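Shown next, in structure tokens, is the structure this report addresses.
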Amino acid sequence: MPWSHRGFHEAVATWAQVMDVTRRYARRLGPDSWHELRFEDLVADPEEQLRKLCAYLGEEYAPEMTEPHRMAAAAVPARKTWHRRTHGALDVSRAGSWQQRLTPDRIRLCDWASG
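Numbered per UniProt numbering, the sequence shown spans residues 1 to 115.
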């Protein structure tokens, strides 16, 4: 992303730290104040995951929620080129794309950092 000048190792360290803090707060807050939604789950079954999220939020589910690309032109400015994929349909293959983009050593580092 254009604003990030971090190297891979620093990005992994930051990600691991954020995940640790997030998990701690999730335990403290409890299930009434915390809902985890994983990208992998969202792209695998958008309707089910969005229904669960809506139930948690007390909102009504609408089928068009599974088609965010229809609103992207209005919601995501064109200058934010790093969000260009929001203008297309959900792509299930993106969930595991890191496995093809990272070397085995980097995958091991991510696995180690994530505990």
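Built from N, CA and C at the ideal position, the CB exists for glycine as well.
On a predicted model such as this, the values are computed, not experimentally measured, just so you know.
Which residue's Cα is closest to the Cα of residue i: the options?
{"i": "Glu40", "options": "Asp32, Pro31, Leu50", "result": "Leu50"}
{"i": "Leu57", "options": "Gly96, Pro68, Glu36", "result": "Glu36"}
{"i": "Ser114", "options": "Arg84, Leu53, Gln17, Glu60", "result": "Gln17"}
Is residue i a contact residue of the ligand FAD, with contact defined as CB to any heavy atom under 7 Å?
{"i": "Asp45", "result": "This structure does not include the ligand FAD; it has no bound ligands of any sort."}
Note down, in chain order, each residue of its chain lying with its Cβ closer than 8 Å to the Cβ of residue i, except the 5 sequence neighbours on either side.
{"i": "Arg70", "result": "Glu64"}
{"i": "His87", "result": "His69, Ala72, Ala73, Val76"}
Below 7 Å CB to CB, which residues in the same chain sit around residue i once its five sequence neighbours on both sides are set aside?
{"i": "Leu90", "result": "Val43, Pro46"}
{"i": "Leu109", "result": "Val12"}
Kindly list the residues whose CB is nearer than 6 Å to the CB of residue i, restricted to its own chain and excluding five residues on each side of it in sequence; keep chain order.
{"i": "Val92", "result": "Val43"}
>> So within the segment 30 to 113, which uninterrupted alpha helix (DSSP H) runs reach at least 4 residues, ignoring any that extend past its ends?
In response: 39 to 44, 46 to 57, 69 to 75, 98 to 101, 104 to 113
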